[in-house]
Amino acid sequence: AVKRTPFIAGNWKMNLDHLQAIAFVQKLAWALADAKHDFADAEVAVFPPFTDLRSVQTLVAADSLPIGYGAQDVSAHDSGAYTGEISGAFLAQLDCTYVIIGHSERRTLHGETDAEVNAKVAAAHRHGLVPVVCVGETADDLETHGPSAVPVAQLRAALEGVDGSKGLVVAYEPVWAIGSGQAATPAQAEQVAAALRALLVELLGEEVAQSTRVLYGGSVKAANIASFLREPNVDGALVGGASLDIDEFSSIVRFKK
Ligand code: PEP
2 AVKRTPFIAG NWKMNLDHLQ AIAFVQKLAW ALADAKHDFA DAEVAVFPPF
52 TDLRSVQTLV AADSLPIGYG AQDVSAHDSG AYTGEISGAF LAQLDCTYVI
102 IGHSERRTLH GETDAEVNAK VAAAHRHGLV PVVCVGETAD DLETHGPSAV
152 PVAQLRAALE GVDGSKGLVV AYEPVWAIGS GQAATPAQAE QVAAALRALL
202 VELLGEEVAQ STRVLYGGSV KAANIASFLR EPNVDGALVG GASLDIDEFS
252 SIVRFKK
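Just so we're aligned, residue 2 is where the sequence shown starts under full-length UniProt numbering, counting upward by one.
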């Protein structure tokens, strides 16, 4: 089997200004340096607001910090009359590796459709960014359609026409678990992650599917991270609330299996 490096991603949402971002990334770097010997090898990335990205870039580059970063959204367009939008070209210039696409807050609060998510994935790839594609069902969906149908349909739509060789991370985030304090069980996360991986095999082939990280997100904390990472198809976590607390997030990135 392919070994996938666990990925711990912190989605700051609309929190931490650029000065707070600098302080946070410095502390995270200390925590990671401290952890070198005892802890499992994970890749760590933060997803600050757009206005923080230049500060984070400067800090990470100056000391070659082992911290990745990306944006929380990207425009489907490359340039032009799109007031308020941010091009993937700009994110690439700031050395972003990743970009979150289709977070449930964008889908519900900003009416983002599957077609827009698909166009944004293509835009990310045009600029050499790795999309972190978020999918997940609401509590109603779960009751009506069962656990995997909605996330699988969302991922199918998101990946239409996508070239799997350009890199991809998938985040399964049940909407009912986001910010609710009520995480899915590891078994629930594994069931959907396995279904998403099966879809990746169908759409992108075995090799890409086996090397693609599928994350769980929704009320992940230091106390439950290890239980998710023990599941064979869960390769890390997308962390919201707990990614803003340096002590909590440091404990999450230093999870022990
Ligand atoms: C998220 O919004 O991506 C998320 C997982 O939030 P939380 O960890 O706060 O549930």
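We treat Cβ as the ideally placed atom computed from N, Cα and C, and that holds for glycine.
Of the residues the options, the one placed nearest residue i, counting alpha carbons only
i	options	result
G243	Q73, A24, N225	First, the amino acid is wrong: residue 243 is Ala here, not Gly. Minimum Cα distance to A243 is reached at N225.
V100	S228, T114, F51	F51
A190	R127, L200, D115, P175	P175
L17	V57, E44, I9	V57
E207	A172, S166, D236	S166
R127	R214, L110, G89	G89
S220	P187, G180, L20, V171	G180
V235	E203, R198, D35	R198
Y217	R107, V26, A227	A227
P7	A172, I102, Q192	A172
W13	D53, K4, W31	D53
A196	Q183, K222, P152	P152
L66	V209, D115, L200, F25	F25
L200	A188, T186, V215	V215
A188	L204, R108, F229	F229
Sub-8 Å separation of residue i and residue j beta-carbons
i	j	result
A238	W177	no
F48	G81	no
A121	V163	First, the residue type needs correcting, since residue 121 is Lys and not Ala in the sequence shown. No.
A194	E138	no
V134	A159	yes
A10	A43	no
V131	T98	yes
L92	R55	no
A154	E117	no
I102	A123	no
V3	Q211	yes
N119	E86	no
heavy atom of the ligand PEP below 7 Å from residue i C-beta
i	result
G71	no
N16	no
S228	no
H111	no
N234	no
A178	yes
S220	yes
N225	no
E191	no
A243	yes
E174	yes
I240	Looking at the sequence shown, residue 240 is not Ile but Val. The answer is yes for V240.
H104	yes
N119	no
Start-to-end residues for the beta strand (DSSP E) that takes in residue i
i	result
A201	Before going on, a small fix: residue 201 reads as Leu here, not Ala. Segment 187-205 is the alpha helix (DSSP H) holding L201; no beta strand (DSSP E) there.
P132	131-136
L216	214-218
A66	As written in the sequence, residue 66 is Leu, which differs from the Ala given in the question. No beta strand (DSSP E) contains L66, which DSSP labels as neither H nor E.
G237	237-240
I9	8-12
V171	170-173
Assumed close pair residue i, residue j - CB separation to whole angstroms, cut-off 8 Å
i	j	result
L33	V254	7 Å
F250	L29	7 Å
residue 262	T213	Because the chain spans 2 through 258 in this model, residue 262 falls outside it and cannot be assessed.
Q192	S252	Wrong, their Cβ atoms sit about 26 Å apart, outside the cutoff.
Q73	H104	7 Å
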